[in-house]
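K.L.:
My structure is below; once you've seen it, I'll send some questions.
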Amino acid sequence: MVKFAHLADCHLGAFGRKPVLREYNIKAFEKAMNICTAKKVDFIIIAGDLFHNPLPDMDIVNRAVKIMMEVKNQGIFIYSVYGSHDYNLASASLIDVLESAELFKNVVKYLESDNRLTTVKDSSGVSITGLSGRKNRLEKGYYEQLDIDVPDGRGIFVFHSPIAEMKPTDIPEKNVLPMSFLPDGYDYYAGGHIHRPLINKKDGGFVVYPGATFGSSYTDLEREQQRGFYIVEDWQPEYVPLEVCDIARIAFSVDGYTSSEVEDLLIDKAEECREGDVILLKVHGELLEGSPEDIDFSRIIKLFEREGDATVFLNKNSLERVTVDKVKVQEDKEDEVEKRVLEEYGTPEGISNEFASELLQILKGDKKEGETSIDYENRIWNEACTLIEEIKELPQKSSREKEKKRDTNGPQQITLGDYTGVDK
Ligand SMILES: [Mn+2]
């Protein structure tokens, strides 16, 4: 009777600028590997996004290698595919390096020349076939032309893509793959990419997303859900929860309060709050009077931290000052909406609509395949600075304020604001 573990989306190295969360993340992985060893699984499948970047920090790599080495020394093999985060088109990814070191086996045996996907056989007799995930669902083309040697006997298909029939509502519709894309004839479909546990069936086989072992973004942590992986015994998946810390989620609406009232209320809340190793504090809504800058958030955070017993993450992205005048525009295209808003709302003195629109285009730029978050932020930042430099002779109130803000708070401000989607 075969027994294997199925994990995905470990994202080791995520929360690069938040060491406490980065540590919980790798702890969750370590715990999962220890459970796999204790339960004596035959092998382990990691369905993509083992690492958060194609080339993660070396201290994370070192820890991950040690953890996986122990598993290997118990005679347990790890099989993996690339995820959208650890795939690197331009050069080798760490996954390739670790495969060369025989720490695990990449099961994507794909021959580009004839779109042929072959299978890897584990010593238990189970065949494992895999296909990687790519950024922006570039793997879709592979599925469309795929030619697979469906294995005789028991087989597992490993993939890293969102399946339309299992898609949670907050994942965008575009680029999901229909379940019919998954090749027929497998006993188990080991999925990755969706960061929450989901289970379905295709013919006789289970289609499973174990979800993230911890999570890779604040959005992940904000979701109240289980975190863990599956152990599949005799083809029946059983969920194994992983708990490494208590997360307290506090949402506070400022609607109807002035900025000074909000400060007092949050201080009271902080004094009452006694729970959570990690506190996600979300302050949202529209102030009755005053501006978000009037609120002393650093003092509030210190109080919530309870002298270091908790780590606090503040999200005040949807906190607004008293509305000036809401602009109403109705256009079909995104570009047209932006253009109309700029026309109607206007820009600060000395800033032309053309400049504002150019800057907006830069700030909206997508992350490139294989680009790390830090490289991405730096590139966008540099492109924006270049544009700002170009019009330096003009009065530069808004851009200078921005520079000042960045100097004092560092790029962390940007990361805190990163609430976009599962896989950013
Ligand atoms: Mn992922």
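For the sequence shown, this note's numbering assigns the number 846 to the initial residue and increments by one for each residue that follows. Quick reminder that beta carbons are idealized off the backbone N, C-alpha and C, glycines included. This structure is a prediction, so every number in the text was calculated from the model and none was measured.
Flag G858 as yes when its Cβ comes closer than 8 Å to any non-hydrogen atom of ligand 1, and as no otherwise.
P.N.:
The answer is no for G858.
K.L.:
Let's see if you can read the secondary structure: which residues bound the beta strand (DSSP E) around L1159?
P.N.:
Its beta strand (DSSP E) spans residues T1156 to N1160.
K.L.:
With the cut-off set at 9 Å, would you say T1108 and I1140 are in Cβ contact?
P.N.:
The residue asked about is misnamed: residue 1108 is Glu in this sequence, not Thr. In contact: E1108 and I1140 (Cβ atoms closer than 9 Å).
K.L.:
At what residues does the beta strand (DSSP E) containing F896 begin and finish?
P.N.:
Neither: F896 is in no beta strand (DSSP E) and is coded neither H nor E.
K.L.:
Can you tell me whether V942 is buried or exposed, with buried defined as 16 or more other CB within 10 angstroms of its CB?
P.N.:
The residue is exposed, with fewer than 16 neighbouring Cβ atoms inside 10 Å.
K.L.:
Less than 8 Å between the CB of A909 and some heavy atom of ligand 1, yes or no?
P.N.:
For ligand 1, not one heavy atom lies less than 8 Å from the Cβ of A909.
K.L.:
Specify the secondary structure class of Q1071 as computed by DSSP and reduced to three states.
P.N.:
Of the three classes helix, strand and coil, the one that applies to Q1071 here is coil, per DSSP.
K.L.:
Within 9 Å of any Cβ in chain B, is that where the Cβ of D1180 sits?
P.N.:
Judged by its chain identifiers, the structure shown contains no chain B, having just a single protein chain.
K.L.:
Kindly indicate which three-state DSSP category I890 falls into: helix, strand or coil?
P.N.:
Three-state result, I890: strand.
K.L.:
Report all residues for which the CB-ligand distance to some heavy atom of ligand 1 is below 5 Å; order them along the chain.
P.N.:
Checking every Cβ against the heavy atoms of ligand 1 under 5 Å gives D854 and D894.
K.L.:
Beta-carbon separation of Y1034 and L1027 under 9 Å?
P.N.:
A contact, by the Cβ cut-off of 9 Å.
K.L.:
Are three or more beta carbon pairs between the stretch 871-884 and the stretch 1121-1134 nearer than 8 Å?
P.N.:
They do not touch, by the three-pair rule.
K.L.:
Just to confirm my understanding: we take M913, look at its own chain, exclude 5 residues before and 5 after, and list those with CB closer than 8 Å. What are they?
P.N.:
Around M913: M878, I923, L943, L948 and F949.
K.L.:
For L1232 versus I1207, is the C-beta spacing smaller than 9 Å?
P.N.:
Yes, they are a contact pair.
K.L.:
Here's a check: name, in chain order, each residue in its chain whose Cβ is nearer than 6 Å to the Cβ of V847, leaving out the five neighbours to either side.
P.N.:
Answer for V847: D887, S969 and V971, listed in chain order.
K.L.:
If we ignore side chains and look at the alpha-carbon of each, how far apart do V1053 and L962 end up?
P.N.:
C-alpha separation (whole angstroms): 21 Å.
K.L.:
Apart from the five residues on each side of it in sequence, which residues of its chain come closer than 8 Å, Cβ to Cβ, to Q1070?
P.N.:
R1041, P1042 and G1056.
K.L.:
Between C881 and I940, which are expected to be in contact by the criterion C-beta below 8 Å, what is the C-beta distance as a whole number of angstroms?
P.N.:
No, C881 and I940 are not in contact; Cβ-Cβ is about 19 Å, not under 8 Å.
K.L.:
If you draw a straight line from the C-alpha of E1183 to the C-alpha of R1166, how long is it?
P.N.:
Computed Cα separation, rounded: 21 Å.
K.L.:
Taking the C-alpha atoms as reference points, what is the distance between I1076 and I1001?
P.N.:
Their backbone Cα atoms lie some 14 Å apart in a straight line.
K.L.:
Quick one: using the 10 Å Cβ neighbour count with 16 as the cut-off for buried, is N1223 buried or exposed?
P.N.:
When all chains shown are included, N1223 counts as exposed.
K.L.:
Using the Cα positions of H851 and I890, report the straight-line distance between them to the nearest angstrom.
P.N.:
Rounded to whole angstroms, H851 to I890 spans 5 Å at the Cα level.
K.L.:
According to DSSP, simplified to helix, strand and coil, what is E1189?
P.N.:
Residue state, collapsed to three classes: helix.
K.L.:
Verify whether the separation of the beta carbon atoms of S1025 and L976 is less than 9 Å.
P.N.:
No, the Cβ-Cβ distance between S1025 and L976 is not below 9 Å.
K.L.:
Alpha helix (DSSP H) containing E1131: first to last residue?
P.N.:
Where E1131 is concerned, there is no enclosing alpha helix (DSSP H), although the beta strand (DSSP E) it sits in stretches over V1123 to E1131.
K.L.:
Which of the three DSSP states is assigned to E875 in this structure?
P.N.:
Three-state DSSP puts E875 in a helix.
K.L.:
When burial is assigned at 16 or more other CB atoms within 10 Å of the CB, is F1091 buried or exposed?
P.N.:
It should be pointed out that residue 1091 corresponds to Asp in this sequence rather than to Phe. Exposed, since its Cβ has fewer than 16 Cβ neighbours within 10 Å.
K.L.:
Quick one: Cα of E1010 to Cα of P1023, how far?
P.N.:
If I take the Cα positions, the gap works out to 7 Å.
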